[in-house]
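S.K.:
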Amino acid sequence: MAVSFTPDVPGAPEIVVVPDLVRGPRVLVGGDRVSPRRARGRPFFPIPMADGSERPLTLHGQFMGLRARFEGREYPIESRLTLLELFMVVLPLALVTLEPPIGAMAAASGVMTNLLIIRRPAPLAVRVVLAGTVVAAAYLLVGLLAGRMLG
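Heads up: the sequence shown begins at 31 in this note's numbering, then just goes up one per residue.
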């Protein structure tokens, strides 16, 4: 779901940010993709201005709720996670304590899967049930794999 905004800066173009958890967010200006650059180890997107200059756009909070910063102002791209949503996203991390190598892999994939589910535009009850199903399936999978390896 792309979000567009026009900063309150003279000569600033319309900026479109497309959040993507798998490939990383994309930034478009005038329909053209803006390639990220790095300055002092931090990524930024150079936004071309009407006068020919470039100004940096930075993206923050990809896990909790993506926000764009441009010329000292913040523009929300995604809503922030509520406490219940955050709990459902990180719940698979408990798998790390069961069987360290298998549990860690299942926990990482469970967190990413739950984050994708929680970010979907569905009713909260549906998202919570789906995220709980992912956690239960991951626990079962770890239990079965650990049982086969040990016994």
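Note that CB positions come from ideal geometry on N, CA and C, so glycine has one too.
Tell me which residues share the same chain as Val126 and place their Cβ nearer than 7 angstroms to its Cβ, disregarding the 5 neighbours each side in the sequence.
M.R.: Within the sequence shown, numbered from 1, the residue matching residue 126 stands at position 96. Excluding residues within five positions, the ones whose Cβ falls inside 7 angstroms are Gly133, Ala134, Ala137.
S.K.: Looking only at its chain, what residues have a beta carbon closer than 7 angstroms to the beta carbon of Val59, apart from the 5 residues adjacent to it on each side?
M.R.: Taking the first residue of the sequence shown as position 1, residue 59 is located at position 29. Counting only Cβ-Cβ distances below 7 angstroms, and skipping sequence neighbours, we find Pro43, Ile45, Ile77, Pro78.
S.K.: Do Leu111 and Met94 have their C-beta atoms within less than 8 angstroms of each other?
M.R.: Looking up residue 111 in the sequence shown gives position 81. Looking up residue 94 in the sequence shown gives position 64. Contact flag set, yes.
S.K.: Quick check: what's the CA-CA separation for Ala166 versus Val156?
M.R.: Stepping through the sequence shown from its first residue, residue 166 is reached at position 136. Stepping through the sequence shown from its first residue, residue 156 is reached at position 126. Their backbone Cα atoms lie some 15 angstroms apart in a straight line.
S.K.: Could you tell me whether the Cβ atoms of Arg99 and Ile107 are closer together than 8 angstroms?
M.R.: Against the sequence shown, residue 99 aligns to sequence position 69. Against the sequence shown, residue 107 aligns to sequence position 77. No. Outside cutoff.
S.K.: I need the DSSP call for Arg97, collapsed to helix, strand or coil.
M.R.: Counting from one through the sequence shown, the residue named residue 97 turns up at place 67. Here Arg97 sits in strand by DSSP.
S.K.: For a test of the three-state rule: what should DSSP assign to Thr112, helix, strand or coil?
M.R.: If you number the sequence shown from 1, residue 112 lands on position 82. In the structure shown, Thr112 sits in coil (DSSP, three-state: anything other than H, G, I, E or B).
S.K.: Can you give me the C-alpha to C-alpha distance between Ala152 and Phe75, rounded to a whole angstrom?
M.R.: Looking up residue 152 in the sequence shown gives position 122. Looking up residue 75 in the sequence shown gives position 45. Near 31 angstroms, if we compare the C-alpha coordinates of Phe75 and Ala152.
S.K.: Closest by CA to Leu171, which one among Leu160, Pro86, Ser139?
M.R.: As a working mapping, residue 171 is identified with position 141 in the sequence shown. When only C-alpha atoms are compared, the closest one is Ser139.
S.K.: Using only the alpha-carbon positions, how far apart do Arg53 and Ala176 sit?
M.R.: Taking the sequence shown and counting its residues from 1, the one referred to as residue 53 is at position 23. Taking the sequence shown and counting its residues from 1, the one referred to as residue 176 is at position 146. Straight-line Cα distance between these residues: approximately 31 angstroms.
S.K.: Output the boundary residues of the alpha helix (DSSP H) element that contains Pro73.
M.R.: In the sequence shown, residue 73 corresponds to position 43, counting from 1. From DSSP, Pro73 is part of no alpha helix (DSSP H) but of the beta strand (DSSP E) over 72-78.
S.K.: With DSSP collapsed to three states, give me the class of Leu128.
M.R.: In the sequence shown, the residue the question calls residue 128 occupies position 98. In the structure shown, Leu128 sits in coil (DSSP, three-state: anything other than H, G, I, E or B).
S.K.: What number of angstroms, rounded off, separates the C-alpha of Gly102 from the C-alpha of Gln92?
M.R.: The residue labelled residue 102 in the question sits at position 72 within the sequence shown. The residue labelled residue 92 in the question sits at position 62 within the sequence shown. When rounded, the distance between both Cα atoms is 19 angstroms.
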